[in-house]
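Colleague: Be aware that the sequence shown starts at 57, since it is given in our numbering, and climbs by one per residue.
Have a look at this one before I ask anything.
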Amino acid sequence: MNTMLSLASDQHNISNKRLALQIICEVGPLSRAEIARRLRLSRPTASRIVDALEQAGLITSVGKSQPTGGRLGDLYSFREDAGCVLALELGTREARLAMAQLTGKIVTRATRVLELEARENVLPQVSLFINDTLNGLGKMRPKLLAMGVAVPGVVHLQATPDYIDAAKIFHGLNNRPLRQELEQLFQVPIAMDNDVNLAAVGESQYGCAQGQRNVVYLFVGRGIGAGLILNGTLFRGNTEAAGEVGNIVVDRANLYQRFGTRGSLEALASLDRLAEIADTASLPDGSLEDFCRSAFASAEQARALLGPLNEYLAAAIINMVATLDPGVVVLGGDLFELPYARELFMQPIEELLLPHVGKAARLEISQLQGDATLYGALQAAIDIALNVGAAGGHV
57 MNTMLSLASD QHNISNKRLA LQIICEVGPL SRAEIARRLR LSRPTASRIV
107 DALEQAGLIT SVGKSQPTGG RLGDLYSFRE DAGCVLALEL GTREARLAMA
157 QLTGKIVTRA TRVLELEARE NVLPQVSLFI NDTLNGLGKM RPKLLAMGVA
207 VPGVVHLQAT PDYIDAAKIF HGLNNRPLRQ ELEQLFQVPI AMDNDVNLAA
257 VGESQYGCAQ GQRNVVYLFV GRGIGAGLIL NGTLFRGNTE AAGEVGNIVV
307 DRANLYQRFG TRGSLEALAS LDRLAEIADT ASLPDGSLED FCRSAFASAE
357 QARALLGPLN EYLAAAIINM VATLDPGVVV LGGDLFELPY ARELFMQPIE
407 ELLLPHVGKA ARLEISQLQG DATLYGALQA AIDIALNVGA AGGHV
C-alpha cells in the first residue's frame with residue numbers, strides 16, 4: 057500500500073476509535089448497531105472498532121440491549137479503570153503537565169519550574185514532577201497508558217535512536233534520546249515532538265482549526281516557528297525541521313545580514329523585537345502589556361510603532377499561504393496573548409494579506425492560547441494509546 061495512503065488509513069482508524077470511545081463515555085452503554093448508526097459507520101467497521109477497544113481493555117460488555125423484535129445486542133460501557141494518558145510540556149520558563157481520559161477530558165493539571173540546563177538534572181526533575189502529580193491523586197491514581205511530550209527544538213524522529221536538537225534553548229535536552237529514556241523509566245509508550253508542531257495538532261483537534269485538513273499554526277514569542285498540517289497529516293520535512301519560519305527572509309537586505317542565534321524574521325518580528333520597540337517608544341516605563349494598552353489608546357501611534365513588525369509578519373504569512381494553500385492560519389504564542397492583540401496585530405496583518413492572497417485562508421487567533429501545545433501532546437498520547445492499546449499490541 058502507498059505509504060501516505062497507509063498513514064491516512066491509520067489516522068482515520070484511530071479517529072474512529074476515539075470517536076467511538078467518546079460517544080460510549082458520553083452516552084453509553086451502547087450496542088454495536090447504535091455505535092454504527094451514531095458514527096455513520098458500516099456495521100462491520102463498527103464491530104471491528106468495538107472488538108479492538110474491548111481487547112485493549114478500554115470498554116466492557118455490561119448487558120444486553122432492550123428487545124425490539126430482533127436479536128439482542130451486547131451493550132458496551134467505558135471501563136473506569138482503563139487508565140489515563142499524560143501530556144508533558146517542557147517550556148523555556150516552566151514545565152506543565154496534564155492528565156486526561158482517552159476522550160480528551162482533562163482530570164488534573166500541574167505546573168513546576170524545572171532546571172533543564174544541566175544534563176544530569178533533566179531525568180530526575182522530570183521524573184519527580186510526574187510522580188508527584190500521580191501520587192497526589194492518592195487512591196484515585198489511574199493506570200498510565202501513554203505519554204505525549206512536547207519539547208522546544210527539532211525532534212529527529214527518523215534517527216535511531218531519535219533525539220532532540222535544542223542547542224539554542226536547553227543544553228540539558230540537546231542531542232539526547234529523551235523519549236527512550238522516559239519510556240524506560242515509566243514503561244509506557246511515549247510520543248514526542250516539537251512544541252509548535254503539537255500546538256498545531258492541539259488547535260486542529262480541540263481549537264479553532266477543527267475540521268480543517270490544511271493548517272498553518274504560527275507561533276510568535278521570543279522565537280518564531282510554525283506547525284504545518286497538510287492533508288490532515290503533520291508535515292515534518294526532509295530533515296524534520298519544517299516550520300522553522302523564524303529563518304524566513306522577508307527583505308532582500310537581510311540576505312547580507314547576520315542575526316546571531318536568531319533568524320531573520322525573529323530579529324524583525326518576534327516578542328524580543330516588540331520589547332525593543334517598547335523601549336524606544338516615548339511611553340511611560342512598564343510591561344509589554346502596559347505598552348499594548350497605551351498603543352491601543354492611540355491608533356495613529358500604534359500604526360507608527362507596530363507597522364513594520366506587522367508588515368514583516370504579513371509578508372511571511374503571505375508566502376506561506378501562497379505556497380501551502382491552508383484553510384486557516386492560526387496565530388499563537390505570547391505576542392497574540394497580549395492585550396488588544398486582535399486590534400494591534402491580527403487586524404492590521406489581515407488587511408495587508410487581502411491584496412495578495414485575498415481570503416484564501418481564514419486568519420484566527422489561537423482559541424486554546426497557551427494550552428495549545430498541551431492539548432496537542434494529549435492528543436499524541438491518546439493516539440498512541442489507541443493504536444497500541446493496554447495489552448501492548450496494535451489495536
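Yeah, the Cβ is synthetic: ideal placement off N, Cα and C, and Gly gets one too.
Taking the straight line between their C-alpha atoms, what separation do you get for residue 382 and residue 256?
Modeller: The alpha-carbon of residue 382 is positioned some 12 Å away from that of residue 256.
Colleague: Which of helix, strand or coil does DSSP assign to residue 120?
Modeller: In the structure shown, residue 120 sits in a strand (DSSP, three-state: E or B).
Colleague: Taking 8 Å as the threshold, find out whether the segment 106–120 comes into contact with the segment 128–146 through three or more Cβ pairs.
Modeller: The segment 106–120 makes contact with the segment 128–146: 3 or more CB pairs, one atom from each, lie closer than 8 Å.
Colleague: Taking its Cβ as the centre, do 16 or more other Cβ atoms sit within 10 Å of residue 235, making it buried, or is it exposed?
Modeller: buried
Colleague: Can the beta-carbon of residue 145 be found closer than 9 Å to that of residue 83?
Modeller: no
Colleague: Kindly identify the DSSP beta-bridge partner or partners of residue 143.
Modeller: 154 and 204
Colleague: Rounded to the nearest angstrom, what separates residue 99 and residue 131 at their Cα positions?
Modeller: 15 Å
Colleague: Taking the alpha-carbon of residue 269 as reference, which of 359, 290, 403 and 254 has the nearest alpha-carbon?
Modeller: 290
Colleague: Shortest alpha-carbon distance to residue 350 belongs to which of 326, 394 and 320?
Modeller: 394
Colleague: Let me confirm a value: residue 414 is counted as buried when at least 16 other C-beta atoms fall within 10 Å, else exposed. Which label applies?
Modeller: exposed
Colleague: In chain order, which continuous runs of the beta strand (DSSP E) of length 3 or greater are located wholly inside the segment 184–238?
Modeller: 200–207, 210–212 and 219–221
Colleague: On the DSSP letters alone, give me the boundaries of the alpha helix (DSSP H) that residue 471 sits inside.
Modeller: Outside the displayed range of the chain (57 to 451) lies residue 471, so it cannot be described from this structure.
Colleague: Can you tell me where the alpha helix (DSSP H) with residue 251 in it begins and where it stops?
Modeller: It spans 251–262 - the alpha helix (DSSP H) in which residue 251 sits, taken as one unbroken run.
Colleague: Between residue 332 and residue 211, which are expected to be in contact by the criterion C-beta below 8 Å, what is the C-beta distance as a whole number of angstroms?
Modeller: Between residue 332 and residue 211 a beta carbon distance of about 31 Å is seen, past the 8 Å cut, so the two are scored as non-contacting.
Colleague: On the CB-based measure, 16 or more other CB atoms within 10 Å of its CB, does residue 407 come out buried or exposed?
Modeller: Classification of residue 407: exposed, given that the 10 Å Cβ count is below 16.
Colleague: How should residue 118 be labelled, buried or exposed, when 16 other C-beta atoms within 10 angstroms of its C-beta is the threshold for buried?
Modeller: It is exposed - the Cβ of residue 118 has fewer than 16 other Cβ atoms within 10 Å.
Colleague: Buried or exposed for residue 449, going by 16 or more other Cβ atoms inside 10 Å?
Modeller: Low local confidence applies: a pLDDT of 34 at residue 449 is under 50, so the model's placement there is unreliable, and no value is given.
Colleague: Cutting at 6 Å between CB atoms, please list the residues of its own chain near residue 294, excluding the five before and the five after it.
Modeller: Excluding five sequence positions before and after residue 294, none of the CB atoms of its chain fall closer than 6 Å to its own CB.
Colleague: Under the assumption that residue 74 contacts residue 424 (Cβ atoms under 8 Å), give the Cβ distance between them as a whole number of angstroms.
Modeller: Not a contact, Cβ separation roughly 18 Å.
Colleague: Using C-beta distances below 6 Å, list every residue in its chain close to residue 435, excluding the 5 sequence neighbours before and after it, in chain order.
Modeller: Result list for residue 435: 257 and 261, in chain order.
Colleague: On a CA-only basis, which of 164, 168, 335 and 106 is nearest residue 148? Give me that one, please.
Modeller: 168
Colleague: In whole angstroms, what is the alpha-carbon distance linking residue 455 and residue 378?
Modeller: There is no way to answer for residue 455, as the model of the chain reaches only from 57 to 451.
Colleague: Determine the DSSP secondary structure at residue 392, reduced to helix, strand or coil.
Modeller: helix
Colleague: Contact check, residue 326 vs residue 280 under 8 Å by CB: the rounded distance?
Modeller: 5 Å
Colleague: Assuming residue 354 and residue 388 are in contact, meaning their beta carbons sit under 8 Å apart, how far apart are those beta carbons, in whole angstroms?
Modeller: Actually they do not touch by this definition, with Cβ atoms about 27 Å apart.
Colleague: For the segment 217–230 against the segment 183–197, do three or more pairs of beta-carbon atoms, one drawn from each stretch, fall closer than 8 Å, so that the two count as touching?
Modeller: no
Colleague: Is the beta carbon of residue 247 sitting closer than 9 Å to the one on residue 440?
Modeller: yes
Colleague: Is the distance from the Cβ of residue 384 to the Cβ of residue 410 below 9 Å?
Modeller: no
Colleague: To the nearest angstrom, how far is the alpha carbon of residue 438 from that of residue 201?
Modeller: Residue 438 and residue 201 have their C-alpha atoms some 9 Å from each other.
Colleague: Is residue 282 helix, strand or coil by DSSP?
Modeller: Correct three-state label for residue 282: strand.
Colleague: Give the single residue among 336, 249, 398 and 185 whose Cα lies nearest to the Cα of residue 429.
Modeller: 249
Colleague: Taking only beta-carbon positions, decide if residue 134 is within less than 9 Å of chain B.
Modeller: Of the chains in the structure shown, none is chain B; there is only one protein chain.
Colleague: In the DSSP assignment, find the alpha helix (DSSP H) that holds residue 89 and state where it starts and stops.
Modeller: 88–95
Colleague: DSSP state of residue 437, grouped into three classes?
Modeller: helix
Colleague: How close, in whole Å, do the beta carbons of residue 352 and residue 396 come, if the pair is a contact with beta carbons under 8 Å?
Modeller: Yes, they are in contact, since the Cβ atoms of residue 352 and residue 396 sit about 4 Å apart, within 8 Å.
Colleague: How is the alpha helix (DSSP H) around residue 335 delimited, first residue to last?
Modeller: 327–336
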